[in-house]
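Student: For the sequence shown, the working numbering begins at -8 and goes up steadily by one.
Each residue gets a CB set at the ideal place from its N, CA and C atoms; glycine is no exception.
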Amino acid sequence: MQFPAFAGPVFDSLTTDSFTHPGYVAVRTAIEVAGGTAAGIVGAEWIDVVRRQAASPHVVTLINALTAEVIQVDSDERLPRYIGSVLAKLQEVWVGRQVAEVKSKLQRMSPVDNADEYHALFGDLVALEAYRRSLLEQVSGDDLSV
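#1: Does DSSP classify HIS12 as helix, strand or coil?
#2: Under three-state DSSP, which class holds SER125?
#3: For the alpha helix (DSSP H) that VAL48 lies in, which residues bound it at each end?
#4: Indicate whether the contact test is met: 3 or more Cβ pairs, each with one atom in the stretch 103 to 119 and one in the stretch 81 to 94, closer than 8 Å.
#5: Taking the continuous alpha helix (DSSP H) assigned at PRO(-5), which residues delimit it?
#6: By how many angstroms is the C-alpha of GLN63 removed from the C-alpha of LEU5?
#7: With 16 other CB atoms within 10 Å as the buried threshold, where does SER9 fall?
#8: Looking only at its chain, what residues have a beta carbon closer than 6 Å to the beta carbon of GLY27, apart from the 5 residues adjacent to it on each side?
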């Protein structure tokens, strides 16, 4: 909420499935209806536009809380990296759920009876795991809260 330009297209590409709490889903939806973080609106105007798109007073309260939350980084130069790591974590959680779904499908499938489908799904799993590892590397960077 505080730095939409840093979140930009990465945040806008996240689906509501990336969020596990209904309140954050509602905030994500309000941001999307407001034109997304890449819309180029910043500051008080941005917050106002998103608030107007909130589905309920509870969502407005959550938006206000996110707007006032202190982001503890030791310098403004580290802010983009911090925001990037938060976005990578959101993506990693979503990819983790996808990995679990694919593993579940593989466990229920016979590699002998459905060899082509099994191998295709296994290839998807390998790609998802590699993507998840790259996201975890983005998340794990140095400590930004000093």
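Tutor: Put simply:
#1: Counting from one through the sequence shown, the residue named residue 12 turns up at place 21. Looking at HIS12 - three-state DSSP - the assignment turns out to be coil, as it is neither helix nor strand.
#2: For the purposes of this step, residue 125 is taken as the residue at position 134 of the sequence shown. Reduced to three states, the DSSP call for SER125 is helix.
#3: Counting from one through the sequence shown, the residue named residue 48 turns up at place 57. With the sequence shown as reference, residue 48 is identified as Pro, and Val is not the correct amino acid for it. Residues 48 to 59.
#4: In the pairwise beta carbon analysis, the stretch 103 to 119 is classified as touching the stretch 81 to 94: at least three pairs are separated by under 8 Å.
#5: In the sequence shown, the residue the question calls residue -5 occupies position 4. Unbroken alpha helix (DSSP H) run through PRO(-5): -5 to 4.
#6: Position 14 of the sequence shown holds residue 5. Position 72 of the sequence shown holds residue 63. Each residue's CA atom was taken as its position, placing LEU5 and GLN63 some 24 Å apart.
#7: Here residue 9 corresponds to residue number 18 of the sequence shown, with the count starting at 1. Result: buried.
#8: Within the sequence shown, numbered from 1, the residue matching residue 27 stands at position 36. The answer, listed in chain order, is ASP3.
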